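Student: The sequence shown begins at 1 in the working numbering and counts up by one. I have a structure I would like to understand better, so I am pasting it below and will then ask my questions one at a time.
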Amino acid sequence: MIVELRVRDLVTIADVTLQLGPGLNVLTGETGAGKSMLVDAMALLLGARAESGLVRPGASRAVVEGAFELQDAAQRRRLEAAGLDAEEDRLVIRREVNTDGRSRAWVNGSPTTIGVLARLGSLLVDLHGQHETQSLLHVEAQRDILDAFAGAEKERVALTEAV
């Protein structure tokens with residue numbers, strides 16, 4: 001679950017920090033309020049392609065940071081399978097985009113690739129816009145939701161280890 005999003009020098013945003021709560025978070029507002037910029041910032045954290053036009057005019061780079069709290073054992077296992085230390089209950093992702101369009105990314109302070117961010121994105125956030133597919137259509141997501149609802153995470157771990 002994402003608990004904080006910080007955006008600096010991204011298109012029209014100078015510096016904003018958004019605190020997010022558990023469950024569904026919805027961004028609403030009038031046209032031009034910056035909702036799309038926040039969604040673009042989140043997409044950058046989740047491995048979207050970076051372009052030089054994303055950097056605010058006059059700035060040398062755009063920076064997007066997100067803090068995530070890990071929710072369950074299944075999420076930790078999937079992060080560990082991706083080669084990331086999942087012992088902490090918090091994961092911090094940072095992405096910088098330079099004026100030349102190049103970008104760099106970090107997870108918990110360690111450099112990482114955009115490919116890893118894309119894999120992380122599917123584990124951490126379910127980001128929806130109009131006409132986008134939903135994670136509920138993925139078998140693995142359905143299984144995770146069902147196991148969490150049933151409180152069967154320990155049993156799932158035991159079965160996985162047995163197999």
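All C-beta atoms in this analysis are idealised placements derived from N, C-alpha and C, irrespective of residue type, glycine included. Being a predicted model, the structure only gives us computed values, none of them experimental.
Compute the distance between the beta-carbons of A82 and R95, then report whether it is under 8 Å.
Tutor: no
Student: Taking a contact to mean a Cβ-Cβ separation below 8 Å, would you say A118 touches G47 in this structure?
Tutor: yes
Student: Can you tell me whether V64 is helix, strand or coil according to DSSP?
Tutor: Reduced to three states, the DSSP call for V64 is strand.
Student: Within the same chain, show all residues whose beta-carbon is closer than 8 Å to that of L27, passing over the 5 residues directly before and after it, in chain order.
Tutor: K35, L38, V39
Student: For T17, which three-state DSSP category applies?
Tutor: strand
Student: Should T31 be labelled buried (16 or more other beta-carbon atoms within 10 Å of its own) or exposed?
Tutor: exposed
Student: Please determine if the region 61-81 and the region 148-160 are in contact, where contact requires at least 3 C-beta pairs separated by less than 8 Å.
Tutor: Contact between the region 61-81 and the region 148-160 is present, because at least three Cβ pairs lie under 8 Å.
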